[in-house]
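A short write-up of the structure that comes next.
2 protein chains.
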Amino acid sequence: MDRAAETTAKIIAAATEVFSEAGFSGARVDEIAARSGVNKATIYYHIGNKKVLYGEVMHNVMGNLAMHLARDVKEAQTPEQRLKAYVRNFVATINLNPHLPPIIMRELASGGKNLPEVATKDMNAVVGILASILEDGATRGDFAVMSPFIVHAMILGAIILFKVSSPIRARIEVLPEELKGDRISPEVAAELERLALKMVREERQKD
Amino acid sequence: MDRAAETTAKIIAAATEVFSEAGFSGARVDEIAARSGVNKATIYYHIGNKKVLYGEVMHNVMGNLAMHLARDVKEAQTPEQRLKAYVRNFVATINLNPHLPPIIMRELASGGKNLPEVATKDMNAVVGILASILEDGATRGDFAVMSPFIVHAMILGAIILFKVSSPIRARIEVLPEELKGDRISPEVAAELERLALKMVREERQKD
DNA sequence: AACTAGTTTAACTAAACGGTTAGTATCGGC
DNA sequence: GCCGATACTAACCGTTTAGTTAAACTAGTT
Chain A
1 MDRAAETTAK IIAAATEVFS EAGFSGARVD EIAARSGVNK ATIYYHIGNK KVLYGEVMHN
61 VMGNLAMHLA RDVKEAQTPE QRLKAYVRNF VATINLNPHL PPIIMRELAS GGKNLPEVAT
121 KDMNAVVGIL ASILEDGATR GDFAVMSPFI VHAMILGAII LFKVSSPIRA RIEVLPEELK
181 GDRISPEVAA ELERLALKMV REERQKD
Chain B
1001 MDRAAETTAK IIAAATEVFS EAGFSGARVD EIAARSGVNK ATIYYHIGNK KVLYGEVMHN
1061 VMGNLAMHLA RDVKEAQTPE QRLKAYVRNF VATINLNPHL PPIIMRELAS GGKNLPEVAT
1121 KDMNAVVGIL ASILEDGATR GDFAVMSPFI VHAMILGAII LFKVSSPIRA RIEVLPEELK
1181 GDRISPEVAA ELERLALKMV REERQKD
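Note that the protein sequences, when read in sequence, are chains A and B.
Just so it is clear: in the first sequence, position 120 is 120 by this note's numbering, and no numbers are missing.
With the second sequence counted from 1, adding 1000 to any position gets you this note's numbering.
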């Protein structure tokens, strides 16, 4: 890695942290500079300005969600396994990338105005992957016909909310140990998988 | 309503909008002043400073979630009806109070540092209400034993995510009409109720 | 060592920001 | 009408912010 790339990487890493903690408006370029160990003008030299830096961070942090998801899901055999892989992939992504939920949530809170076009396409693709899982399961008679987006909102909403509520959960009494802590524990992940499956299954007994 | 109360109400209303759109750091006191139709110094006269104003807005926008919820849930007869009332109450609250999700989400993104103690108590109480619904249902053999917090995260996570994703949903293709729009439609609300019930029901057939 | 291009810096700048000040307006009581 | 208290204002203030600049530094090449 050459010098410019190394410096840029340091800047992006620090910016990811600071933007994750404080949001775009709350983040200070001076703070990002201090955390990356470079002079503030270096950021302007390599990146351009605060907004472009934010865009880089968003692009970086979001990665290629849909691509990774598609790969993981593809390796599973049945719709049930694929749905589990769907949930597991999000849990793993968020556990690996703790800066993602705060950044996403602030963006969503602001109406997604700054989300790059590629992020919107990714979301389209993610919902599309879930749609095909559900469709396949429905064709086999294992899943009920239902709205992919609503299922997606319940799964992802829970994962994100779970993740960011970590400091608040610590203040809520009477929560078992696996419901505390910053990471989504294997127990919680398993429960989310179980509930996702339960939600989509064709009901065997009509009310 | 006397003069001071009227001015204060105008300030709080404008502040609620601006904080909802831009977050704490992004909101400009000048903007809040302009929207409320008063001079900026009037805000400092009546409220004190930006942070206190934010606290007022948060206190105002969060109201007494748990109290309203408890009342609605209490009027229902069976655990199933109470769970439906639980979902319905959140949907109604958020449809009535569109500024709540963005504000909550930003707060959660920042680790809940600015959430008033009363808000944490409310969350405690909300999860407690759900816990008693689930417990009651489990005692009757209708509901499975499960974690109230995870169920809560799936319901509330979906409702919040649904609400704030409105501008992005508009850009996602192939969504049916009732999944578009700013409000959570009755169809979507009904589906969330149905899925919540499905999630918590005692499974009639073991795998 | 000299040169060059790229990189980084300390110091600086204009604009923006939350907050303040001195003065004015309004209201109710006497 | 006068007065005091409260409410409101235009103009102002000190600090902070994102961004800029000229000079210094670094590394590679000849």
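For glycine and all other residues, C-beta sits at the position ideal for the given N, C-alpha and C.
Asked: In chain order, what residues of the segment 134-165 of chain A put their CB closer than 7 Å to some CB of chain B?; Found: S147, F149, I150, A153, M154, L156, G157, A158, I160, L161, F162, V164 and S165
Asked: Which bits of chain A does B:T1078 rub up against, with CB to CB less than 9 Å?; Found: Result: empty, since nearest Cβ-Cβ is about 13 Å, beyond 9 Å.
Asked: Can you tell me which residues form a DSSP beta bridge with B:R1201?; Found: B:F1143
Asked: Would A:A22 count as contacting chain B if we go by Cβ distances under 9 Å?; Found: yes
Asked: Tell me where the alpha helix (DSSP H) around A:T78 begins and ends.; Found: Here A:T78 belongs to no alpha helix (DSSP H), and DSSP marks it neither H nor E.
Asked: Alpha carbon to alpha carbon, what distance is there between A:A41 and A:N49?; Found: 10 Å
Asked: With DSSP as the reference, label A:K208 as helix, strand or coil.; Found: Absent from the model: residue 208 of chain A. The displayed extent of chain A is 1 to 207, so no value can be given.
Asked: How many angstroms separate the CA atom of A:P148 from the CA atom of A:E31?; Found: 41 Å
Asked: Rounded to a whole number of angstroms, what is the C-alpha to C-alpha distance between A:V126 and B:E1021?; Found: 27 Å
Asked: Distance, Cα to Cα, A:P116 vs A:H59?; Found: 7 Å
Asked: Does DSSP put A:A27 in a helix, in a strand, or in coil?; Found: coil
Asked: Please work out which residues of its chain come closer than 6 Å, Cβ to Cβ, to B:M1062, disregarding the five sequence neighbours upstream and downstream, and give them in chain order.; Found: A1119
Asked: Quick one: is B:H1099 buried, meaning 16 or more other Cβ sit within 10 Å of its Cβ, or exposed?; Found: buried
Asked: In chain order, what residues of the same chain lie with their CB nearer than 6 Å to the CB of B:L1053, ignoring the 5 residues before and after it?; Found: A1015 and I1047
Asked: Would you report the Cα separation of B:E1187 and B:E1178, rounded to the nearest angstrom?; Found: 7 Å
Asked: Report buried or exposed for A:K206, applying the criterion of at least 16 other Cβ atoms within 10 angstroms of its Cβ.; Found: Per-residue confidence for A:K206 stands at a pLDDT of 49, beneath the threshold of 50, marking its modelled position as unreliable; no derived number is given.
Asked: What separation, rounded to the nearest whole angstrom, lies between the Cα atoms of A:R169 and B:L1156?; Found: 15 Å
Asked: If we count the other Cβ atoms within 10 Å of its Cβ and call it buried at 16 or more, is A:K74 buried or exposed?; Found: exposed
Asked: Taking its Cβ as the centre, do 16 or more other Cβ atoms sit within 10 Å of B:G1225, making it buried, or is it exposed?; Found: With chain B running from 1001 to 1207 in the structure shown, residue 1225 of chain B is simply not present.
Asked: I want to see whether chain B comes within less than 9 Å of A:A15, judged by CB atoms only; does it?; Found: no
Asked: Let me know the secondary structure DSSP gives B:L1175 once reduced to three states.; Found: coil
Asked: By the 10 Å Cβ neighbour count, where 16 or more other Cβ atoms means buried, how is A:N89 classified, buried or exposed?; Found: buried
Asked: Whose Cβ in chain B lies nearer than 8 Å to the Cβ of A:T120?; Found: I1168, R1171 and I1172
Asked: Does any residue of chain B bring its CB to less than 9 Å from the CB of A:V29?; Found: no
Asked: Counting only beta-carbon separations shorter than 9 Å, does A:E203 have a partner in chain B?; Found: yes
Asked: What residues of chain A sit near B:G1181, judged by a beta carbon separation below 7 Å?; Found: Within chain A, no residue comes near B:G1181; the closest Cβ sits about 13 Å away, beyond 7 Å.
Asked: Assuming A:A202 contacts A:A144 under a Cβ cut-off of 8 Å, what Cβ separation, rounded to an integer in Å, is found between them?; Found: As written in the sequence, residue 202 of chain A is Glu, which differs from the Ala given in the question. Yes, they are in contact, since the Cβ atoms of A:E202 and A:A144 sit about 5 Å apart, within 8 Å.
Asked: At a cut-off of 8 Å, would you count B:E1177 as near the ligand GTP, judging by its Cβ distance to the nearest heavy atom?; Found: Within the structure as shown, the ligand GTP is missing, as the structure has no ligands at all.
Asked: Is the Cβ of A:I94 closer than 9 Å to any Cβ of chain B?; Found: no
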